[in-house]
Every structure is written in C-alpha cells, then in structure tokens.
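Residue numbers (my numbering): 89 to 317.
Cβ coordinates follow ideal geometry from the N, Cα and C atoms, glycine included.
Everything numeric in this text was worked out from a predicted model, so none of it was measured.
Structure first, then comments.
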Amino acid sequence: MLKLISFIATLMVLTLLVLRADAAPIEARGLKKCYKKANLTFYWIPKQGDTDMLNNGKTVHLDGKKTKTLKSDSGKTIAKVSKYTYEKFQMEGTGLLENGIMVNLGSSNDKFEVINRKKNPYGMGSNENSLVPWVSVASNDIKRGTTLYVKQLDGLKLPDGKTHNGCVRVDDEGWSFNGCQLDFFILQFSAYKILDAKVPGHVTVEQKKCKILNYVTGSVKSWAELNHK
Numbered sequence: 089m090l091k092l093i094s095f096i097a098t099l100m101v102l103t104l105l106v107l108r109a110d111a112a113p114i115e116a117r118g119l120k121k122c123y124k125k126a127n128l129t130f131y132w133i134p135k136q137g138d139t140d141m142l143n144n145g146k147t148v149h150l151d152g153k154k155t156k157t158l159k160s161d162s163g164k165t166i167a168k169v170s171k172y173t174y175e176k177f178q179m180e181g182t183g184l185l186e187n188g189i190m191v192n193l194g195s196s197n198d199k200f201e202v203i204n205r206k207k208n209p210y211g212m213g214s215n216e217n218s219l220v221p222w223v224s225v226a227s228n229d230i231k232r233g234t235t236l237y238v239k240q241l242d243g244l245k246l247p248d249g250k251t252h253n254g255c256v257r258v259d260d261e262g263w264s265f266n267g268c269q270l271d272f273f274i275l276q277f278s279a280y281k282i283l284d285a286k287v288p289g290h291v292t293v294e295q296k297k298c299k300i301l302n303y304v305t306g307s308v309k310s311w312a313e314l315n316h317k
C-alpha cells in the first residue's frame, strides 16, 4: 500500500513538472528550431539626396523636383520632397531629410511625425525605443530586448571599417514578414549594397547573453546629420 501511495505521489509530481514546462513562455525554452536556418534581411533609413532602391529593385535617386509634402498629423508642413523620396519614406516608415530632421509615419500612411534626434538619433523601434545601427534587429516571434548570436555576422567587416562580433538585439518588429526571420538594421542603403553580397540569406541564430558593441564612427554620425546645426 505504501509503495502504491509513493508511486502515485511520484507520478503527480512528474505530471506537475510537465504541465509547468508546457506553460513556460517561448522565450524560456529558447528559439524555435527554424532559427538554425533563419531568414536574414536588411532595413535602413532612406535619406533625401541619396541613392536608394524601390520594392521592385529599381535604383532611384532621392532628389529632384519637390512635388510632395510631408505633413504632420495636425496638417502642418514638415518639408517638401520629391516623389521617390516620399515613396521611400512611406515604404520604410521613416526617413532622413538633408537638414537633419528625421520623420516616422504618423497616424496614417500620409502623415508623419518628427523624431527627437537627441533621444533617438538613429530612429525608433516598434515600442518607441532607440534603434542602434548594426545592433538592432526586427523580429516578430522573439521577445524585445533579447540578445542573439548570429554566427554568420561574427568576424564580418562592416562598411565603416569595424568588425562585428555576431551579437545583435531585438529592438523592433517587422510588418512585412512573419516568424523565423530577422531584419537587420544597417542604417544606410550604401551599407546594404556591400553587406548583401557578403552575408547569406539564411543564418544560424542562437539566443545568448553576448556583448553588444558600438559600431558607430564619426563618418556614420556625419551621414546621419547628427552634427547638423
């Protein structure tokens, strides 16, 4: 009888442990298996006056006749820009003007808001947190703030001359993709043209407490118009 009671008690404990494991959040269990070969894409900030690319792959220059108006939610004019500049700002949800003003989409697809550059020098993530060039990634199935190690980024020489250590952080969400994908924030279209040929489209991702490095140089700050007066 005592053996039976002991067996039943052991069985109940094991059942509780299984139930607790099933109830544990996804983050606590690690990444999905598909992250052993996850999709990696890039996103950046289109800048007025720069060369960029449309969704159809067409290369365009973001200048020309200023026929479109960036308006705030209240209807106030922020700036006049060219057609392609306006379309890229809409497509990426953000944009940088030559005078140093950065905008995000506002309450609708044709309204914009001015970003506080002192608080968010390189743009905002999905929770109004700051984005960091070559550190921030967007993900739709990994908890924000999670640090990740991407094997194929470790040792990668970046366009500004610094070498990446493979450590990135989830700072954003993406609207154009689902799960098992990371969208890597590389700041500039010029960086995309270099890195797209160096980094494979599928990468190995590991949830890991790793060291976030600073890859911003003086030339990057200059491009971002952070010294603009």
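DSSP on residue i, reduced to helix/strand/coil?
i, result
"Y172", "helix"
"N315", "coil"
"E294", "strand"
"F177", "helix"
"L283", "helix"
"K239", "helix"
"S68", "Since the first residue of the chain shown is 89 and the last is 317, residue 68 is not available in this structure."
"V191", "strand"
"S310", "helix"
"Y123", "helix"
"F265", "coil"
"S162", "coil"
"S227", "coil"
Whole angstroms is fine: what's the gap from residue i's alpha carbon to residue j's?
i, j, result
"T251", "G163", "44 Å"
"V191", "F200", "6 Å"
"M212", "S218", "5 Å"
"S227", "A167", "31 Å"
"W132", "K296", "25 Å"
"K125", "I230", "15 Å"
"R232", "V225", "10 Å"
"D161", "Q178", "14 Å"
"V308", "N315", "11 Å"
"G262", "N215", "12 Å"
"G289", "G249", "22 Å"
"K146", "K156", "20 Å"
"K154", "L142", "18 Å"
"C122", "E294", "11 Å"
"E186", "G243", "33 Å"
"I278", "W311", "Here residue 278 turns out to be Ser, not Ile, going by the sequence shown. If you take the alpha carbons of S278 and W311, they lie about 11 Å apart."
So, are the CB atoms of residue i and residue j less than 8 Å apart?
i, j, result
"C268", "C298", "no"
"K176", "D140", "yes"
"F130", "F265", "no"
"T235", "R257", "yes"
"L270", "L119", "no"
"L150", "Q136", "yes"
"L246", "Y174", "no"
"I282", "P221", "no"
"K134", "G181", "Position check: residue 134 holds Pro in this sequence, whereas Lys was assumed. No; because the gap between Cβ atoms is not below 8 Å, this pair is not in contact."
"L301", "N253", "yes"
In or out: residue i buried (at least 16 other Cβ within 10 Å) or exposed?
i, result
"E313", "buried"
"S195", "exposed"
"I203", "buried"
"A285", "exposed"
"D198", "exposed"
Cβ-heavy atom distance between residue i and the ligand GDP below 7 Å?
i, result
"Y303", "Because no ligand of any kind appears in the structure shown, any question about the ligand GDP cannot be addressed here."
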